[in-house]
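Peer 1: Dropping the structure in here first, questions after.
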Amino acid sequence: MEQQNSNTVSGSAVNNLVQAARIGTVHVHAAPVEPGPPTEEWAELVFKSAVWSQLRPGGDTEAWKWQTVRAAEELARVRDRLAPPLADDPWQDPDVVRRFVRAVGRLPGTSADGLLYPAEAAVLVLLPMLYRLRTMQLACGERPTDGYGEDHRRLADRARTDPDLAGWLWHRHLARQAGLADPAAVTGLRAAVTGPEVRAALLPAVVLPALDGLRRGIGVANPEFLQELRDRERIDCDEEQYVRPKRLTLLTALAHALALENTALPEIVADHLGIEDPVVLSQLHATLRASSWGGSRELPVLKAECHHQAVVEALREYIDHADELLHAVQRTLDPEVTGLPLRLSAANVAPVPGAFKETARFRLDERRMQALLMGVQLYRDRDLAVRELYQNALDACRYRRARADFLARDRLGVEDSGYRGEITFEQGIDAQGRPYLQCRDNGVGMGEAELRGVFSKAGERFAEQQELRQEREKWRAATPPVELYPNSRFGIGVLSYFMLGERMTVTTCRMDPENRCGPELEASIYGPGHLFPIKPTGAARTVPGTTIRLYLDQEVLPEDWSAVNVLERLLGIAEFETVATHGEHVVRWEPRQLRQRADHVDRRGGVSAAGKLVPWEGAPPGAQVIWCERGGDLLVDGLYISSVASRSDTEAQPTIDVSGVVVNLTGPYSPKNLSVDRTTILDDVSETLHALLRPAARALVEDDHGLLTDSWLSAVSDEDPWLADLLTSTVRQVVSTAPPSSFLELVSRGGFYGTDRKFVPRSDHSQRFPPLPTEMNSLPWPWLLWRLLAHRPNPWSAALTDAVPELDRIGCLLPALPSDQLVLDHLLDNSTAPAPGHVVNRGSALTYVFKMQPLLPKPLSVVAQRLRELRIRDWWDSLPVSVSELRAMRGAVSDGVQLMRALDLTVTDEVTAIAAAYQRIPALSVDGYIFDRGSNGTLEPGAPVPLGYLAAMSRAAGHSMVEMARQLVDLGLSIDPAGIPDHITSPTAVLLSRDFDNAAPWVDQSVTPNHLLRSAVLSGRSLAETVRTFEDLGYSCPPLGDLPVTEFLPLVSRFFPPEGGRLPIRHTLDMSSPLFLAIAQWIARRSAESSTFPEGSTADGALMHLFRDLGMSNELVTDSVPFAALLSAARDLGIGPADLAARLNAQGLPTSCVELPFDLPQHTASRLWGMAAHTVRHSPHVPLMAAVELKAPLPRVAEWLRVLGHDAPDPVALIREAIPFVPLAEG
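As numbered in the working numbering, residues 25 to 1251 make up the sequence shown, in order.
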């Protein structure tokens, strides 16, 4: 301190007495009057602090103390300027400074070396104020609207509506930021201090690491952090003063832990904000202000009375963490400072008397959780332990590369340090006969802090360590920045090692930020619950890295288990050189090269890519795209991913249908969220994949190396329609010239549809065009014309234009996309949409659009637009949507309404309300089946409610039919409860369904003759009794005189056995049709003529066999026996088909023709009938294929089919009807 010479007399002491030239007057100067105790809060804290009692002897202690008091007053003025903008911040805790300063006074120590220099005391007591000012400055900054709750995602959503919770997240975010120790901000605060000695003591080399240490937690004791600090710094002042940065940093961190800052309390406090019975912040602050540390110096005990159970739990958990920090500081400072506490206790944390009763809380059983985290119940597969070993070694190598690259850029000005990582796996048997698996890497290694922390503590994520966060901040300031993307997700992966064995040894050597190797350490671990010593080996290492040896448990592993096979299955692309060895089996992965598995290896559940590979050379850093001839995979960090969670929830699809390409996502492209077993991506990565595949597809089309073929694109389309669409569109954009009739020329001209590959000429030219693809059998005429005309000339288009010449004048066709086949196969099946305006359940068809969303990741509006372009919307009629169609959507009614309206279809409120009622009232869905629009199996507005349906609903609901009818009236349905019986007996109720199964379709109000006849047969009643039963229930029936087959029913029942059905009359033959009447009359006549009918006559037996098969097809010519059916029967009887037809006609049994046309030979007729078997009426497939194969005009083929007994429509009329619906390109 500065010295002042003066004459003073103080008490009995005389100092510096000066005699004047002439003794006359003696001037006695009294000492300056010391100021009284300060009144400003911070200044008073400094003045009363216990640190002043723990100083080294010597030095002007009082002068330092008073200058520090003045500094506190000056800093308080800065505080007062910052306070107004924070007045509304509920988390501001001014009292934390008092608690912090008091904690500082407890800690310095009592040994000789533990005593403080006065400069150190000044810094220690001012650091709480500097910390408070920096947190206030940061809190005054503009708060971002999102992102600061990233580490607390569970709370982030709630925080949007809870300002207290949002404030907690904001302050936790600030506490992790490097800005707390911002040099410019700290320099500004130093400038507010006018005392030169104290300002000199507040060295940046002292204050900055101390503030930095406050956000590190237990990591403040990490040697890598402390080794950057000097042991002592000399202060620029007159007397000899020092500050010891390491000691001050550690003591300040420990004191801060004892100060109980509100936002540093565990997350359980935030969990109880904004809920029923919440934590009240004013009460929390009162608890912290009134808290105190009692007990002895060796065992401080926190005393706090809490108004909420969550605060009790939080403080107890907080003290546990503070105790861990204390032990870390003890290990670092001992034996220099001997006066630190031995333990911290929360024994006196208790509720405010009468505030609340003890509550319950979900807790974890540590041993059971350990068993879960190291067991197959969680991971499902022991092989994943090998995956974890690899990924941890990968992180270690990435970390070392980042450190080395940063040093190269910072010190040498070069980007690449030249580091080459190496990972090796070795499976074998040691000298004691113990099987082991060893993983060795030359990565960053571990020190004692890492072994005690992130390695051995479940839940401690490598990526979240504060040291790493701060180091990454420095790296990002390099030119260019150094980035590290750890793959650590949960911090529990090490526990999975114990799935393979109970014992492991770890040998490791840490590389520090200056590229220096620390001591080699070794640990032997005998299980997850065991204590393990960490011992230095004494070996001098020049290369860092870690070796983990697991001793395998042969009782849980198959005898032939091999880690090499596991890696082959899971590891597609290694980032660093990787070698796996098991005996003579050695497998090597070159860095960033896709390694194909052997062709004989089962590829299920692992990397599948094989064959020719075409990598995308222009892939951005962090991503790889490799086109492959067979298979295809999605990899994360080079490792196989088996599934991706659906975008609607976290339930994963069984597989990822990646085909034709391998995409490896690493670095900035790596998804944030994976399942615990790392086999499922929980994020929506579709946009990421699409952003990579679009330019990669263009590069492939520009130079495909022979990979892009029709068969390859078709295979891709089967598994990944979106990718096939992208490739097809890219070909059309990029390819301007291609050899005529080549695949690329066909695609560039007409797009690509799955069946189009059939139009590509074969390489051997053995057959210009193969048969018409059977996949086209389900296509209605417009879309068959679309594909055939797109690839003219071909034999089928020629046959079509011969029949309908105007096809030559059709406009420019819409280019096809591979996904169109998926759409058309499910939306335009001939069985449901044979002709324009046909009654079809559009909801059932459109449901597939939802199912296709994972395969066709396009917005709904885009899918709807494609349906319009394909003319599907025009093909369907425009009637309002029915209830049955909305029910067929299966999901929420609102989703179905949205989709229907996206297609400009009308959905009325009445329909929506009834569809929603089906989801509320289970009795409405009596059989769970959803019927096509137009059937009476669903309740529709304005449509009558079938009596059979009402009876079924009443049985399901347990109500009377009248009561059920009243409920339907309330839904706005057309039904009059008057005259409805209370119930209907079961034997009668079964007759009210068309198929006699108590389910829809139901009998209409007018009963058909066919149903009456079948009902009589089933019930065993006479026809008159059956008619009376229906009429008593209000049905109308035809007169009995109009049912001439009545007397033949017993005979027909006798000779048409059931064969598994309820009715003896099989199949669909109408019992009221003229053909059935003729058969019945023939049976009656022949059975009367022969007592051995039909076995007594070969002819009778053959005809009965023929008649029993009638009705198998729905497409027979009405009321006649198909002539084609006579061909085999005539051959069996040894007569000609024409002769058999004549005999049947003579018996009153009509046939579709009496003989074959002159231009239709019998063998051709048999071939044509075989082609027509099981073909629906409107299908164009058979007549067109037959026309080409038989070289006959298309209309003539249709005539032949009708002659043979197939109800084939006029193809010319169908084609002309279809032309307006052929998809055409715009313009």
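Every residue, glycine too, gets a C-beta built ideally from N, C-alpha and C.
Within its chain, find whatever has a CB closer than 6 Å to the CB of Leu884; leave out the 5 residues flanking it on each side and keep chain order.
Peer 2: The residues are Ala926.
Peer 1: For Lys782, report the span of its beta strand (DSSP E) as first-last.
Peer 2: Neither: Lys782 is in no beta strand (DSSP E) and is coded neither H nor E.
Peer 1: Beta carbon of Gly655, beta carbon of Ala634: below 8 Å?
Peer 2: Contact: yes.
Peer 1: Under 6 Å Cβ to Cβ from Ser1097, same chain only, skipping five residues before and after it: list those, please.
Peer 2: Around Ser1097: Asp1143.
Peer 1: For a quick check, are the C-beta atoms of Phe646 and Glu599 less than 8 Å apart?
Peer 2: As written in the sequence, residue 646 is Gly, which differs from the Phe given in the question. Result no, Cβ atoms of Gly646 and Glu599 do not sit closer than 8 Å.
Peer 1: Give me the Cβ distance between Leu154 and Val231, rounded to the nearest whole Å; I'm assuming they're in contact under 8 Å.
Peer 2: About 6 Å; that satisfies the 8 Å criterion.
Peer 1: Would you report the Cα separation of Ala715 and Ser441, rounded to the nearest angstrom?
Peer 2: Those two C-alpha atoms are separated by around 31 Å.
Peer 1: Alpha carbon to alpha carbon, how far is Val1051 from Leu1192? Give it in angstroms, no decimals.
Peer 2: So the two alpha carbons sit approximately 44 Å from each other.
Peer 1: Note down, in chain order, each residue of its chain lying with its Cβ closer than 6 Å to the Cβ of Arg500, except the 5 sequence neighbours on either side.
Peer 2: If we look at Arg500 and ignore the five residues flanking it on each side, it has no Cβ neighbours.
Peer 1: Going by beta carbon distance, what residues of the same chain come within less than 7 Å of Arg239, once the five residues before and after it are set aside?
Peer 2: Around Arg239: Ala199, Arg200, Leu204 and Gln490.
Peer 1: Let me know the secondary structure DSSP gives Ile47 once reduced to three states.
Peer 2: Low confidence applies here, because Ile47 scores a pLDDT of 45, under 50, leaving its location unreliable and the question unanswered by this model.
Peer 1: Would you identify the three-state DSSP class for Cys652, choosing helix, strand or coil?
Peer 2: Strand.
Peer 1: Specify whether the segment 308 to 324 and the segment 271 to 291 touch according to this definition: at least 3 beta carbon pairs, one from each stretch, less than 8 Å apart.
Peer 2: Yes, since at least three Cβ pairs between the segment 308 to 324 and the segment 271 to 291 fall closer than 8 Å, the two stretches touch.
Peer 1: Using beta carbons (cut-off 8 Å, strictly below), is Leu140 in contact with chain C?
Peer 2: Note that chain C does not occur in the displayed structure, where there is just one protein chain.
Peer 1: Reducing DSSP to helix, strand and coil, say where Arg1220 ends up.
Peer 2: In the structure shown, Arg1220 sits in a helix (DSSP, three-state: H, G or I).
Peer 1: Going by the beta-carbon positions, is the gap between Pro695 and Val649 smaller than 8 Å?
Peer 2: Not in contact: Pro695 and Val649 (Cβ atoms no closer than 8 Å).
Peer 1: Please classify Phe380: is it buried, with 16 or more other beta-carbons within 10 angstroms of its beta-carbon, or exposed?
Peer 2: Burial call: exposed.
Peer 1: With distances taken Cα to Cα, identify the nearest neighbour of Gly83 among Arg196, Pro142 and Glu68.
Peer 2: Comparing Cα-Cα distances from Gly83 to each of Arg196, Pro142 and Glu68, the minimum goes to Pro142.
Peer 1: With burial defined as no fewer than 16 other Cβ atoms inside 10 Å of the residue's Cβ, what is the status of Leu323: buried or exposed?
Peer 2: So Leu323 counts as exposed.
Peer 1: Give a yes or no on contact between the segment 247 to 259 and the segment 84 to 97, applying the rule of three or more CB pairs nearer than 8 Å.
Peer 2: At 8 Å Cβ cutoff, the stretches do not touch.
Peer 1: On the DSSP bridge list, what partners appear for Met528?
Peer 2: Met528 is bridged to Ile549 and Leu574.
Peer 1: Quick check on Ser843: buried or exposed, where buried means 16 or more other Cβ atoms within 10 Å of its Cβ?
Peer 2: Looking at its Cβ environment, which holds 16 or more other Cβ atoms inside 10 Å, Ser843 is buried.
Peer 1: Residues in its own chain within less than 7 Å of Leu131 by CB, not counting five upstream and five downstream?
Peer 2: Correct list, in chain order: Leu275, Leu278, Ala279 and Leu364.
Peer 1: Between Pro806 and the rest of its own chain, which residues show a CB-CB distance below 6 Å, the 5 nearest in sequence each way excluded?
Peer 2: Closer than 6 Å at the Cβ level, and outside the excluded window around Pro806, lie Ala1242, Phe1245 and Val1246.
Peer 1: For Ala255 and Tyr266, I'd like the C-alpha separation in whole angstroms.
Peer 2: Note that residue 255 is Asp in the sequence shown here, rather than Ala. Cα to Cα, the separation comes out at about 10 Å.
Peer 1: Bridge partners for Gly775 per DSSP, in chain order?
Peer 2: DSSP lists Ala840 as partners of Gly775.
Peer 1: Helix, strand or coil: which one does DSSP assign to His1091?
Peer 2: Unreliable positioning characterises His1091 in this predicted model, as indicated by a pLDDT of 45, which lies under 50. The coordinate reading is nonetheless provided below. Coil, per DSSP.
Peer 1: Buried or exposed: which applies to Phe522, given that a residue is buried once 16 or more other Cβ atoms fall within 10 Å of its Cβ?
Peer 2: So Phe522 counts as buried.
Peer 1: Report back the beta-carbon spacing between Gly445 and Arg425 to the nearest angstrom; my notes put them in contact at under 8 Å.
Peer 2: Contact flag correct, Cβ pair sits at about 6 Å.
Peer 1: From this set, Leu150, Leu99, Thr273 and Glu86, which residue's C-alpha is nearest Val70's C-alpha?
Peer 2: Taking only the C-alpha atoms, the option nearest Val70 is Leu150.
Peer 1: Please report the distance separating the alpha-carbon of Ala1023 from that of Ile1008.
Peer 2: So the alpha carbons of these two residues sit roughly 15 Å apart.
Peer 1: Please list, in chain order, all residues of the same chain as Pro152 whose beta carbon is under 7 Å from its beta carbon, the five residues on each side excluded.
Peer 2: Correct list, in chain order: Val121, Phe124, Val125 and Val128.
Peer 1: Let me confirm a value: Leu1208 is counted as buried when at least 16 other C-beta atoms fall within 10 Å, else exposed. Which label applies?
Peer 2: Buried, since its Cβ has 16 or more Cβ neighbours within 10 Å.
Peer 1: Please state the DSSP three-state secondary structure of Leu110.
Peer 2: Leu110 falls in the helix class under three-state DSSP.
Peer 1: Considering only DSSP beta bridges, list what Gly569 is partnered with.
Peer 2: Per DSSP, Cys533.
Peer 1: In this structure, how does DSSP classify Gly452 when only helix, strand and coil are distinguished?
Peer 2: Gly452 falls in the strand class under three-state DSSP.
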